[in-house]
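In the numbering used here, the protein residues as written are 273 to 355.
In structure tokens form, the structure reads like this:
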């Protein structure tokens with residue numbers, strides 16, 4: 273499995289902005305109090321996804337370069353350069 277951190281982060285941001293845009297479309301029908309709660313919930317979930325991606329990336333780095341799609345003989349500097 274090739275783990276590409278930047279592509280995953282881009283996907284998280286696309287989904288976050290899409291969800292945020294949907295909430296803006298309904299803002300005139302939903303009271304501001306609930307809108308703020310919804311935005312906090314969306315932001316909290318986005319932060320959790322970022323942490324999840326970072327945890328998985330660290331786990332892959334500890335497993336070695338082959339987990340990142342690099343040859344087993346790749347030096348540690350090559351693994352860091354991939355991020």
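Glycine included, each C-beta is placed from N, C-alpha and C at the ideal position.
Taking a C-beta distance under 8 Å as the contact criterion, residue 284 and residue 318 qualify as a contact pair. Straight-line spacing of the CA atoms in residue 282 and residue 334 works out to 23 Å.
Counting only the Cα atoms, residue 313 lies some 14 Å from residue 287. By the criterion of a C-beta distance shorter than 8 Å, residue 292 is surrounded in its chain by 311 and 314, once the five residues flanking it on both sides are discounted.
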